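Contents: one structure, followed by commentary.
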Amino acid sequence: MEMTEFAHREATVNGIRMHYVEDGDGEPVVFLHGFPESWYSWRHQLRALRGRYRVIAPDQRGYNLTEARGPYDTETLQADILCLLDHLGIERAHVVGHDWGGAIAWLLAMQHGDRLKSLAVCNLPHPAIF
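According to the working numbering, the sequence shown is numbered sequentially starting from -10.
Structure below.
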């Protein structure tokens, strides 16, 4: 049931076919998974929040059901997420990132903060630490 309880969708973003799941209504919350994970890592959070928010969890470039075509640099990966937001008609979203997804979330906040309502990063310090 877990795999089918969310709406599975695809979008062409930034030159690739990206798979994502979404559910719910309300303010959008985008969940960015870590390495080597997929949208499925967020299933419990999606389930808990879909009653109050529009929850969206993409498979990032090269993971699970999203096309595996480079480049895989951070600029490209954050552009993928910005293009997904545009595709979904979302001007601003809450963004939650874990691990590698946290790195992309930090970059989105630093370089495109106007697109974020809030930021939550799990398991990754601020980039200035590096």
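Built from N, CA and C at the ideal position, the CB exists for glycine as well. Predicted model, so just to flag it, every value in this text is computed and none were measured.
- Assigned with DSSP and collapsed to three states, residue 70 falls in helix.
- For the pair of segments examined, the segment 4 to 24 was found to touch the segment 41 to 53: the number of CB pairs separated by less than 8 Å reaches three.
- By the criterion of a C-beta distance shorter than 8 Å, residue 25 is surrounded in its chain by 52, once the five residues flanking it on both sides are discounted.
- When DSSP reads this structure, residue -1 sits in a beta bridge with 8.
- Between residue 103 and residue 81, the alpha-carbon positions lie close to 7 Å from each other.
- Beta-bridge partners assigned by DSSP to residue 43: 17.
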